[in-house]
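Residue numbers (our numbering), protein chains in the order written: chain A, 1 to 101; chain B, 1001 to 1306. C-beta: ideal position from N, C-alpha, C; glycine also. To start, the structure itself, in structure tokens.
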Amino acid sequence: MSVITVNKENFQKEVIESDRPVLVDFWASWCGPCRMVSPIVDEIAEEHPEIKVCKVNVDEEAELASQFGVMSIPSLFVIKEGKVTNQSVGALPKNQILELL
Amino acid sequence: MENTYDVIIIGGGPAGYTSAIYCARALFSVLVIEKLSPGGQMTQTSQIENYPGFEDGVDGFELGFKMQKGAEKFGTKTLRSEVIGVELNGEIKKIVTADGEFFGKSVIIATGADHRHLGLPDEEKLIGRGVAYCAACDGMFYRGKTVAVVGGGNSAAADALLLSKICEKVILVHRRDTLRAERAYHSPLMKAENVEFVLDSTVSEILSENIVTGIRVKNKVSGEEREIPLNGVFISIGRVPNTALFKGQIDIDEYGYIIADETTKTNISGVFAVGDVRTKPVRQIVTAVGDGATAAHYVEEYLANL
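Below is the structure:
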């Protein structure tokens, strides 16, 4: 499955109302560790159709970032049935991201 | 044996991929195992100005990818996975990853270093809630706020300067009476009106109510302690080598670095250490790539005599 770019408009539908567990990656283009995690998150999207993978660009979606209390990027959130069930800060290898899920 | 390589390189930073380029050009089978993306610590610097050949500077992330591509052009394979265990003694060395076991006739350790933590209670819990280690990444979340930078070296000085442009106020806490940072940083820091220096002092506690609310600092000379209310703490007190995987198998010095001289040879035959993870006086990208070439030379010598 492809990665979905989430913004304020589609957040409710794509994340909160998703029938699959959602992995949300808060990132920015100028953040090195975010760029290191990005291809790993892409890989998870390809390999795990049972998971919906979303990305939020914090430059464009400051409101969503502050809603989630993001103060450090990359920040990863796992959301199941509209609720945050797990979260982590910083670049993680794939096996550790999958463990979050 | 399946999954066996002439050379397994752990870590895909500049030292690792330079080793890979040289070993692959010498026609050895080479596997680089990297847990994230290539580039290592370089990826945190968007403008590298002391790597020769790039008069306008180069983005560390791009440079890392280019080094990977260069090595892969000569047949290097990359596995993106975390190494979770190693068995380095014996002629065939075993590397256990999250994605299976791999075997190397030789191993080059290029695991680099990570941010050093203060080691205070609650520090880990508050990462992402006011405790940060990358000013370039997280500075923007503190726009108009008050933050502390802890440390006195080049990276602390650079972080304080960067944050002074974003934040209302930056408090630089350093345990000595002068900064260790190069002189180039001193005058811009002195000129920045919103940078305050708290010298001869250490952070004794990070204060929080779910998120960081302040720090307690202790003056080492007077012994006096006081609280400073603030929104964020950027910790920039140097690096710690990534050697936890190798403890008990390989000789490591008191600071955690793998003991190896300019030949990059460790105490285990067929195992080499390159870049920031090795005992050495200067840790730069150029010295890391230098190690890579040297290691490849001694790997070749070692494999020829097997």
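Element boundaries [alpha helix (DSSP H), containing residue i]
{"i": "B/Thr1018", "result": "Pro1014 to Arg1025"}
{"i": "B/Pro1188", "result": "Arg1183 to Lys1191"}
{"i": "A/Ser38", "result": "Gly32 to Glu47"}
{"i": "B/Ala1273", "result": "Where B/Ala1273 is concerned, there is no enclosing alpha helix (DSSP H), although the beta strand (DSSP E) it sits in stretches over Val1271 to Ala1273."}
{"i": "B/Ile1285", "result": "Ile1285 to Ala1304"}
{"i": "A/Glu99", "result": "Lys94 to Leu100"}
C-alpha distance - residue i paired with residue j, whole-angstrom precision
{"i": "B/Leu1230", "j": "B/Thr1018", "result": "43 Å"}
{"i": "B/Thr1178", "j": "B/Leu1189", "result": "12 Å"}
{"i": "B/Ala1071", "j": "A/Pro39", "result": "19 Å"}
{"i": "A/Asp25", "j": "A/Val53", "result": "8 Å"}
{"i": "B/Leu1162", "j": "B/Gly1139", "result": "8 Å"}
{"i": "B/Ser1155", "j": "B/Gly1238", "result": "8 Å"}
{"i": "A/Lys13", "j": "A/Glu43", "result": "23 Å"}
{"i": "A/Leu98", "j": "B/Asp1099", "result": "13 Å"}
{"i": "A/Val41", "j": "B/Lys1073", "result": "25 Å"}
{"i": "A/Ser72", "j": "A/Glu61", "result": "14 Å"}
{"i": "B/Phe1322", "j": "B/Ala1296", "result": "Lying outside 1001 to 1306, the shown extent of chain B, residue 1322 of chain B is not represented and no answer is given."}
{"i": "A/Val15", "j": "B/Thr1213", "result": "31 Å"}
{"i": "B/Ala1192", "j": "A/Lys8", "result": "37 Å"}
{"i": "A/Lys94", "j": "B/Thr1078", "result": "15 Å"}
{"i": "B/Ser1204", "j": "B/Ala1026", "result": "53 Å"}
{"i": "B/Ile1211", "j": "B/Ile1127", "result": "9 Å"}
{"i": "B/Ile1258", "j": "B/Thr1146", "result": "39 Å"}
{"i": "A/Glu81", "j": "B/Gln1068", "result": "40 Å"}
{"i": "B/Lys1169", "j": "B/Lys1247", "result": "42 Å"}
{"i": "B/Ala1288", "j": "B/Thr1043", "result": "15 Å"}
{"i": "B/Phe1197", "j": "B/Ile1171", "result": "6 Å"}
Per-residue burial, residue i [other beta carbons within 10 Å of its own, 16 or more giving buried]
{"i": "B/Pro1038", "result": "buried"}
{"i": "B/Asn1267", "result": "exposed"}
{"i": "A/Thr5", "result": "exposed"}
{"i": "B/Val1221", "result": "exposed"}
{"i": "B/Met1001", "result": "exposed"}
{"i": "B/Thr1004", "result": "exposed"}
{"i": "B/His1174", "result": "buried"}
{"i": "B/Tyr1255", "result": "exposed"}
{"i": "B/Ala1020", "result": "buried"}
{"i": "B/Glu1034", "result": "buried"}
{"i": "B/Arg1183", "result": "exposed"}
{"i": "B/Ala1244", "result": "exposed"}
Close Cβ partners of residue i (< 6 Å) along its chain, the five nearest in sequence each way excluded
{"i": "B/Phe1028", "result": "Asp1006 and Val1007"}
{"i": "B/Gln1249", "result": "Leu1088"}
{"i": "B/Gly1075", "result": "Ala1024"}
{"i": "B/Ala1260", "result": "Thr1266, Ala1273 and Arg1278"}
{"i": "B/Thr1045", "result": "Gly1060"}
{"i": "A/Val84", "result": "Phe77"}
{"i": "B/Arg1143", "result": "Ile1166"}
{"i": "A/Cys31", "result": "Ile73"}
{"i": "A/Ser18", "result": "Lys52"}
{"i": "B/Gly1151", "result": "Ser1236 and Ile1237"}
{"i": "B/His1186", "result": "none"}
Own chain partners of residue i with C-beta closer than 7 Å, once the 5 adjacent residues on each side are dropped
{"i": "A/Asn57", "result": "Trp27 and Ala28"}
{"i": "B/Asn1242", "result": "Thr1111, Gly1112, Ala1113, Asp1114 and Val1277"}
{"i": "B/Glu1123", "result": "His1117, Val1131 and Ile1206"}
{"i": "B/Ala1159", "result": "Ala is not the amino acid found at residue 1159 of chain B; the sequence shown has Asp there. Excluding sequence neighbours, B/Asp1159 sits near Ala1135, Val1149, Phe1234 and Ser1236."}
{"i": "B/Asp1291", "result": "Ala1015, Thr1264, Val1274, Gly1275 and Arg1278"}
{"i": "B/Arg1283", "result": "Asp1276"}
{"i": "B/Gly1104", "result": "Tyr1005, Val1007, Ile1008, Lys1093 and Ile1095"}
{"i": "A/Ile51", "result": "Arg20, Pro21, Leu23, Ile44 and Leu101"}
{"i": "A/Pro49", "result": "Met1"}
{"i": "B/Ile1084", "result": "Val1096, Thr1097 and Ala1098"}
Range of the contiguous beta strand (DSSP E) that encloses residue i
{"i": "B/Asn1146", "result": "For the record, residue 1146 of chain B in the displayed sequence is Thr; it is not Asn. Looking at the DSSP string, the run of the beta strand (DSSP E) that includes B/Thr1146 is Thr1146 to Val1150."}
{"i": "B/Asn1219", "result": "Ile1211 to Asn1219"}
{"i": "B/Glu1034", "result": "Val1030 to Glu1034"}
{"i": "B/Lys1105", "result": "Gly1100 to Ile1109"}
{"i": "B/Thr1004", "result": "Thr1004 to Ile1010"}
{"i": "B/Ala1113", "result": "Ala1113 to His1115"}
{"i": "B/Leu1063", "result": "Note, B/Leu1063: premise wrong, no beta strand (DSSP E); alpha helix (DSSP H) at Gly1060 to Lys1073."}
{"i": "A/Cys17", "result": "For clarity, residue 17 of chain A is Glu in the given sequence; the question names Cys instead. Counting along the chain, A/Glu17 falls outside any beta strand (DSSP E), and DSSP gives it neither H nor E."}
{"i": "B/Pro1241", "result": "Arg1239 to Pro1241"}
{"i": "B/Phe1234", "result": "Gly1232 to Ile1235"}
{"i": "B/Pro1229", "result": "Glu1225 to Pro1229"}
{"i": "B/Ile1171", "result": "Lys1169 to Val1173"}
{"i": "B/Arg1080", "result": "Lys1077 to Arg1080"}
Cβ shell of residue i (< 8 Å), same chain only, five flanking positions each side left out
{"i": "A/Asn86", "result": "Phe77, Val78, Leu100 and Leu101"}
{"i": "B/Thr1294", "result": "Glu1262, Thr1263, Thr1264 and Val1274"}
{"i": "B/Tyr1302", "result": "Ser1106, Ser1269 and Gly1270"}
{"i": "B/Tyr1051", "result": "Val1058, Leu1063, Ile1285 and Val1286"}
{"i": "B/Phe1065", "result": "Ser1037, Pro1038 and Gly1039"}
{"i": "B/Glu1224", "result": "Lys1218"}
Beta carbon proximity, residue i to chain D, threshold 8 Å
{"i": "A/Lys55", "result": "Absent from the structure: chain D. Protein chains present are A and B."}
Any non-hydrogen atom of the ligand ZN closer than 7 Å to residue i Cβ
{"i": "B/Gly1152", "result": "This structure does not include the ligand ZN; it has no bound ligands of any sort."}
Secondary structure, alpha helix (DSSP H): runs of 4+ residues fully inside the region 51-87 of chain A:
62-67
Could you tell me which uninterrupted beta strand (DSSP E) segments, each at least 3 residues in length, are contained entirely in the region 1122-1167 of chain B, listed from first to last along the chain?
1146-1150
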